[in-house]
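Numbered per the numbering used here, the sequence shown spans residues 23 to 355. Comments concern the structure below.
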Amino acid sequence: MTIISHETPQKIVDLASRLEKGDRRALAQAITLVESVRADHRRDAQSLLSMILPETGKSVRIGVSGTPGVGKSTFIEVFGKHLTKNGHKVAVLTVDPSSKRTGGSILGDKTRMEELVRDKNAFIRPSPSGGSLGGVARRTREAMLLCEAAGFDVVLIETVGVGQSETTVAEMVDVFMLLLAPAGGDELQGIKRGVMELADLVIINKADGNLKTTARRAAMEYKGAIGLMRPKSKYWTPEVLMISALQKQGIDTLWETIGRFREARGKEGELETQRREQAVAWMWAELSDSLLSRLKAHPAVTEQLPVLESQVKAGEIDPTVAAEQLLNSFLGK
Ligand code: GDP
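Given below as structure tokens:
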């Protein structure tokens, strides 16, 4: 069922209907539309999103974080193939504010996820390029909704684990997984506590060959570390798993674990509550982003800004006073 508003242009109605039939070209086009910053495109994008909203929310939303080199792309390729073989439709999106995408390249590097790229039941879309983390994340979240409307029942959102991007991704998914390479001791200390606290699942990759022993030791250490943290959920304590993406080991156990996670957190509607809270948080993020960009574009503000900034820099005016003055100009006071 779709809700059609009277002002919605016919081309958007058509796009929505092709999208809901699972047309991949329509999906790609729709994502390009939501990524556009042009005012008329934004309006069309919002009409499109309102139309497809009833068809969203039906996927398992999974976040995958890990520093470069831990094996994210190897893992996503293997995990994705495992899922499509079992009848799932998998979308892979990325949040990477540092990405400088050039038109058409896939995740910057064409050799990434070679098999998955060719899989008819998989859809891979790199991070929108440029812009703030907030902007990139908003467009990724909208892309996720479009993938859901197009019938993808598993959405993987990958992040490279720089800055705040893990928190941002954790705020848009049901289950957040932290991918790590075998190491222990000092390296364990090096992982930001905040990131560990976000993880519902800690996955130690490369548990193969002569890294197996180190992987086991690391798993023990991470289990210990998790034991000291307060769990996010009443029904789920984060688990540590060992896998080898290269040797395709532990992948089925991982998917089963995600199933157990969803079952456990489905109790008393915990997962549903999380999604509702995420939606409200997104509304606020959206509001502060757009308020700020409107403020910055306001003529009265742009006129005063250079002077006030240099006065603040020179210590001639208090930052709070300058901010108040700009706000008042914006509000026409
Ligand atoms: P990303 O930067 O996190 O996407 O990592 P990649 O998937 O590109 O992998 C980085 C390197 O680790 C590559 O040389 C992979 O072949 C290797 N690698 C990935 N998964 C495994 C694994 O399970 N075991 C071993 N031994 N190497 C792996």
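The beta-carbon is built from N, C-alpha and C at its ideal position, and this holds for glycine as well. No experiment lies behind these values; they were computed from the predicted model shown.
When DSSP assignments are scanned along the stretch 57-105, the uninterrupted stretches of alpha helix (DSSP H) that are 4 or more residues long and fall wholly within it turn out to be 61-74. When DSSP states are grouped into helix, strand and coil, S332 belongs to the helix group.
According to the DSSP assignment, M305 belongs to the alpha helix (DSSP H) that extends over E292 to A319. Just measuring C-alpha positions, the residue of L55, E180, M251 and K289 sitting nearest S95 is E180. For E338 and A345, the gap between their C-alpha atoms comes out near 14 angstroms. Looking at R161, Q296, R287 and F198, the one whose alpha-carbon comes closest to that of G88 is F198. For M135, there is no enclosing beta strand (DSSP E), as DSSP marks it with neither H nor E. In this structure the stretch 308-326 touches the stretch 151-171; the number of beta carbon pairs closer than 8 angstroms is three or more. The C-beta distance from T279 to L223 rounds to 6 angstroms, short enough to meet the 8 angstroms contact threshold.
Closest in C-alpha terms to D196, from the list G281, K103, V323 and A144, comes G281.
Remark: the shortest separation between the CB of A267 and any heavy atom of ligand 1 falls under 7 angstroms. No Cβ-Cβ contact shorter than 8 angstroms links V114 with A203. Between ligand 1 and T96, a heavy atom-to-CB distance of less than 7 angstroms is present. For S266, the three-state secondary structure derived from DSSP is strand.
Counting only the Cα atoms, K289 lies some 25 angstroms from G173. Under the three-state reduction of DSSP, V197 is assigned to strand.
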